[in-house]
Amino acid sequence: MKLEGTVALVTGGARRVGRAIALELAGAGCDIALHCHESCGDARGVADRIVAAGRRCEIVSGDLRRPEAAGEIVERTVAALGGLEILVNNASIFERMTLQSFSIEDWDRTMRINVTAPVALAAAAREHLLRAGGKIINLCDIAADRPWPEHLAYCASKAALACLTKALARALAPTVQVNSVAPGIAMFPEDYGDEVRQRLVDKVPLKRAGTPEDIARTVRFLAESGDYVTGQILNVDGGRSIR
Ligand SMILES: NC(=O)c1ccc[n+]([C@@H]2O[C@H](COP(=O)([O-])OP(=O)(O)OC[C@H]3O[C@@H](n4cnc5c(N)ncnc54)[C@H](OP(=O)(O)O)[C@@H]3O)[C@@H](O)[C@H]2O)c1
Numbered sequence: 065m066k067l068e069g070t071v072a073l074v075t076g077g078a079r080r081v082g083r084a085i086a087l088e089l090a091g092a093g094c095d096i097a098l099h100c101h102e103s104c105g106d107a108r109g110v111a112d113r114i115v116a117a118g119r120r121c122e123i124v125s126g127d128l129r130r131p132e133a134a135g136e137i138v139e140r141t142v143a144a145l146g147g148l149e150i151l152v153n154n155a156s157i158f159e160r161m162t163l164q165s166f167s168i169e170d171w172d173r174t175m176r177i178n179v180t181a182p183v184a185l186a187a188a189a190r191e192h193l194l195r196a197g198g199k200i201i202n203l204c205d206i207a208a209d210r211p212w213p214e215h216l217a218y219c220a221s222k223a224a225l226a227c228l229t230k231a232l233a234r235a236l237a238p239t240v241q242v243n244s245v246a247p248g249i250a251m252f253p254e255d256y257g258d259e260v261r262q263r264l265v266d267k268v269p270l271k272r273a274g275t276p277e278d279i280a281r282t283v284r285f286l287a288e289s290g291d292y293v294t295g296q297i298l299n300v301d302g303g304r305s306i307r
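Residues in the sequence shown are numbered from 65 upward in steps of one, following my numbering.
Structure representation (structure tokens):
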């Protein structure tokens with residue numbers, strides 16, 4: 065799909081991986097609906113860079129825990145930018161949960177943001193994506209297949225999102241392609257110390273952590289060149305998933 069002049073909605077686009085995705089897609093010619101929740105100050109700086117590069121950028125805030133948020137975000141995107149061709153479901157929460165610390169409230173919060181919001185956004189965007197022959201790209205995690213017992217809800221949520229990627233690919237075929245990028249290490253959580261980081265990198269065959277840009281380039285590839293790719297989960301993990 066030619067990206068020049070298309071509109072991409074990137075959820076959680078103000079910081080970290082989402083920011084890199086928004087900048088990469090803008091660099092490829094997309095106008096960007098930059099979704100944020102608590103980081104709308106940071107979003108301003110990203111939007112300035114996108115506008116300086118000659119693309120349009122609309123900041124669209126919204127708490128994805130709210131059931132109405134998905135419809136509002138899509139509506140504001142289309143009202144401001146005139147359409148919606150690419151939906152990138154990047155926003156997510158990554159919280160520790162063991163069987164000992166399990167609570168329904170925490171479980172529901174993770175599921176709502178990591179699973180319900182992506183499918184609600186897909187439903188809200190459906191008509192626009194079908195009209196445009198667009199793309200949905202979900203951010204999964206290799207932990208969907210190699211779950212960590214201390215992140216029960218997060219791993220289950222990403223496994224559900226991987227399943228939804230295949231289900232939505234079938235539901236929206238032949239017009240819209242739906243795929244996922246599954247990072248290994250793209251950017252460490254800010255509270256991880258050097259020792260933990262090194263231990264995790266040691267398990268990666270390519271012997272380095274990935275970068276947000278590694279993920280962003282893969283999202284761009286799927287949007288731009290993935291017209292015959294649908295229902296796939298593409299691991300971008302330095303080979304971690306083959307060990
Ligand atoms: N980082 C990695 O190494 C890694 C590894 C594997 C998979 N992934 C996946 O790649 C994606 C990006 O990773 P990341 O580390 O950059 O993600 P992140 O920093 O954990 O979260 C991305 C954004 O999600 C948004 N978000 C959280 N709760 C929200 C809510 N209630 N409503 C609306 N937005 C909310 C936040 O936006 P605001 O800041 O604006 O509130 C946040 O900046 C995620 O889907 C993640 O699971 C990342």
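Just so it is clear, CB atoms sit at the ideal spot from N, CA and C, and this is done for glycine as well.
Residues of the same chain with a CB within less than 6 Å of the CB of glycine 82, apart from the 5 flanking positions on each side, are Val74, Gly76 and Asn154 in chain order. For the pair aspartate 127 and glutamate 136, the Cα-to-Cα distance works out to about 10 Å. Contiguous beta strand (DSSP E) elements confined to the stretch 148 to 188 occur at 150 to 153, taking only those with 3 or more residues.
Inclusion of isoleucine 200 and valine 240 in the CB contact set at 8 Å is warranted, their separation being smaller than that value. With contact defined as three or more Cβ pairs closer than 8 Å, the stretch 248 to 260 and the stretch 88 to 101 are not in contact. In this structure, ligand 1 has no non-hydrogen atom nearer than 7 Å to the beta-carbon of histidine 215. If the five residues before and after alanine 223 are omitted, its C-beta is found closer than 7 Å to the C-beta atoms of Ala208, all from its own chain and listed in chain order. Isoleucine 200 has Leu151 and Val242 as its beta-bridge partners, per DSSP. Selection Ser165, Asp255, Met251 and Asn299 evaluated against glutamate 277 yields Met251 as nearest (Cα-Cα). Burial is judged here by how many other beta carbons sit within 10 angstroms of a residue's own beta carbon; glycine 197 has fewer than 16 and is exposed.
DSSP, read as helix, strand or coil, puts aspartate 255 in coil. Under DSSP, no beta-bridge partner is assigned to valine 110. If you check the CB distance, methionine 175 and serine 221 come in under 8 Å.
Inter-residue distance for valine 179 and asparagine 202 is about 10 Å (C-alpha atoms, whole angstroms). The beta carbon of arginine 234 sits closer than 8 Å to those of Gly295, all from its chain and outside the five residues before and after it, given in chain order. Cβ-Cβ separation between glycine 274 and valine 300: approximately 6 Å, consistent with a contact (criterion under 8 Å).
Collapsing the DSSP output to three states places proline 247 in a strand. Boundaries of the alpha helix (DSSP H) around valine 81: 80 to 91.
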